[in-house]
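All residue numbers for the sequence shown refer to the working numbering, where the first residue is 1 and numbers rise by one. Even glycine gets a Cβ: it sits at the ideal position worked out from N, Cα and C. Keep in mind it's a predicted model, so treat the numbers as computed, not measured. Each remark here refers to the structure printed beneath this line.
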Amino acid sequence: MKAEILSLLRKTEGYISGQELCERFGVTRAAVWKVINGLKKEGYGIEAVTGRGYRLSSLPDVFSAEELESRMHTEWAGRNLVFYESTGSTNIQAKLLAEEGAPSGTLVVAEKQTQGRGRRGRTWASPAGRNLYFTILLKPEFAPDKASMLTLVMALAVQGAVAEVCGVDAQIKWPNDVVVNGRKVTGILTEMSVQGEYIQHVVIGVGVNVKEQEFVPELKEKAASLEQESGMPVSRAALLEKIMEHFEHDYTLFMKKLNLSLLLEQYNAVLVNCGREVRVLDPAGEYMGIAQGINEKGELCVEVSGKKVKKVYAGEVSVRGVYGYV
Ligand code: ATP
């Protein structure tokens with residue numbers, strides 16, 4: 001009820017009467033008053049005027065289960081939300097919840113991760129109070145070989161939301177890093193559980209650097225936060241709300257064709273590597289070429305020596321710029 005009251009207060013211009021809230025939720029005035037008091041304690045500015053009701057007068061940058069629930073207006077993405085103050089990794093929690101029967105679309109969010117991970121066993125720096133760490137759980141009914149494309153769908157959703165909320169020129173470094181001014185603001189780790197030929201579940205974990213923060217020396221050159229790059233305050237809750245909206249939309253387009261053909265143009269338009277010389281860090285041997293963009297399977301097409309085009313599959317490969325990260 002707290003999240004619903006918050007959502008109503010946010011939507012209502014002017015006052016909403018205590019009576020209306022009581023009728024809507026079938027509770028007493030005392031119960032409504034208790035919720036309003038709880039919201040005030042969390043920092044929301046709520047004016048109460050006799051005879052008129054309640055009005056939201058200031059919106060603090062709260063990051064809590066209720067704040068997030070009150071912002072989810074999607075059909076399924078993030079509608080079932082599980083929030084942790086601290087957890088090892090949101091991907092690990094999402095997998096446990098999947099095994100306990102959590103529905104597809106479940107969103108696991110943490111204020112802090114103690115074992116944040118990246119691809120190939122790398123770590124993801126996850127301090128408290130500064131960033132977004134979340135995982136969406138999916139239970140799709142397509143063949144396992146399609147799942148790696150979901151990483152690119154999420155990258156596009158995060159890029160779109162970042163551009164919309166922060167007004168910055170966000171780009172994607174293939175396959176799934178979101179970069180602003182050439183620095184990494186987001187990492188994505190997709191993991192899947194398969195039984196026979198069927199996917200049991202896919203978890204897509206995302207870390208977004210939001211608030212100003214001091215990065216460890218190894219990351220100083222490469223990483224950045226959205227507030228640092230945009231010079232504006234960024235609300236984590238507002239950003240996550242937009243990411244879920246974009247993800248639901250982009251995932252629906254992906255499901256229509258079971259490939260990236262309907263998202264290809266949009267993805268390539270924001271691909272930082274497009275038309276640039278890249279170093280492909282393939283475990284079988286490193287090589288250079290000019291990146292042309294992705295194909296509908298999400299592979300990066302790289303023109304190498306002459307006119308030959310190699311298709312690079314994301315699984316084991318990283319791409320770098322010739323002189324640095326992009
Ligand atoms: P790349 O393609 O650049 O090799 P990746 O997609 O393979 O990246 P990820 O799994 O996305 O790598 O992220 C892990 C890497 O990101 C770490 O090795 C570290 O260099 C970097 N990193 C860790 N924490 C952060 C952070 N909070 N912000 C930005 N970069 C980070």
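Inter-residue Cα distance where the pair is residue i and residue j
| i | j | result |
| --- | --- | --- |
| alanine 314 | lysine 173 | 12 Å |
| serine 104 | asparagine 80 | 9 Å |
| lysine 40 | glycine 53 | 15 Å |
| valine 32 | glutamate 214 | 42 Å |
| phenylalanine 254 | methionine 149 | 9 Å |
| lysine 310 | glutamate 303 | 6 Å |
| valine 35 | threonine 90 | 29 Å |
| asparagine 209 | arginine 130 | 7 Å |
| leucine 152 | isoleucine 204 | 10 Å |
| glutamate 245 | threonine 252 | 11 Å |
| leucine 300 | aspartate 169 | 22 Å |
| serine 17 | leucine 240 | 30 Å |
| alanine 125 | glutamate 218 | 11 Å |
| threonine 114 | serine 193 | 23 Å |
| alanine 77 | alanine 3 | 17 Å |
| glycine 289 | threonine 12 | 55 Å |
| serine 86 | glutamate 111 | 6 Å |
| glutamine 93 | glycine 116 | 12 Å |
| lysine 220 | methionine 72 | 34 Å |
| aspartate 332 | valine 216 | Residue coverage of the chain in this structure runs from 1 to 326, which leaves residue 332 outside it and unanswerable. |
| arginine 24 | threonine 50 | 19 Å |
| lysine 256 | glutamate 100 | 29 Å |
| leucine 226 | tyrosine 325 | 18 Å |
| glutamate 305 | valine 272 | According to the sequence shown, residue 305 is serine rather than glutamate. Going by the C-alpha atoms only, they are around 21 Å apart. |
| alanine 98 | isoleucine 243 | 21 Å |
| glycine 231 | glutamine 171 | 17 Å |
| glycine 196 | threonine 190 | 19 Å |
| leucine 107 | glutamine 19 | 33 Å |
| valine 280 | valine 312 | 8 Å |
| isoleucine 5 | alanine 143 | 41 Å |
| threonine 74 | valine 319 | 34 Å |
| aspartate 250 | arginine 29 | 42 Å |
| alanine 128 | serine 70 | 22 Å |
Assigned secondary structure, residue i (DSSP; H/G/I helix, E/B strand, else coil)
| i | result |
| --- | --- |
| arginine 183 | strand |
| arginine 130 | coil |
| leucine 81 | strand |
| aspartate 145 | helix |
| aspartate 61 | coil |
| leucine 271 | strand |
| methionine 1 | coil |
| arginine 52 | coil |
| alanine 125 | coil |
| aspartate 250 | helix |
| serine 235 | coil |
| lysine 173 | strand |
| valine 27 | coil |
| glutamate 99 | helix |
| leucine 260 | coil |
| valine 35 | helix |
| glycine 223 | Per the sequence shown, residue 223 should be read as alanine rather than glycine. It is a strand residue. |
| glutamate 13 | coil |
| valine 153 | helix |
| glutamate 47 | strand |
| valine 178 | strand |
| serine 89 | coil |
| valine 19 | The question names valine, but residue 19 is glutamine in the sequence shown. Helix, per DSSP. |
| glycine 160 | helix |
| serine 7 | helix |
Those residues which DSSP pairs with residue i across a bridge
| i | result |
| --- | --- |
| isoleucine 199 | Val194 |
| cysteine 301 | Gly293, Lys311 |
| methionine 288 | Arg279 |
| arginine 117 | Thr123 |
| isoleucine 188 | Val206 |
| alanine 110 | Tyr84, Tyr133 |
| valine 319 | Val280 |
| leucine 138 | Val202 |
Inter-residue CB distance, residue i and residue j (contact presumed, cutoff 8 Å)
| i | j | result |
| --- | --- | --- |
| phenylalanine 63 | arginine 236 | 5 Å |
| glutamine 228 | glutamate 212 | 6 Å |
| valine 185 | alanine 224 | 6 Å |
| valine 278 | alanine 291 | 5 Å |
| leucine 68 | valine 109 | 6 Å |
| leucine 258 | lysine 95 | The Cβ separation is near 23 Å, so there is no contact. |
| methionine 155 | valine 179 | Correcting the residue type first, residue 155 is alanine in the shown sequence and not methionine. Actually they do not touch by this definition, with Cβ atoms about 10 Å apart. |
| glutamate 47 | serine 57 | 5 Å |
| tyrosine 133 | glycine 207 | 5 Å |
Min CB distance residue i to chain B below 7 Å
| i | result |
| --- | --- |
| leucine 9 | In summary, chain B is missing from the structure at hand, where a single protein chain is found. |
Within the chosen definition, does the stretch 131-138 reach the stretch 283-296 through at least 3 CB pairs nearer than 8 Å? no
Between the stretch 176-196 and the stretch 152-165, can you find at least three pairs of beta-carbon atoms closer than 8 Å? yes
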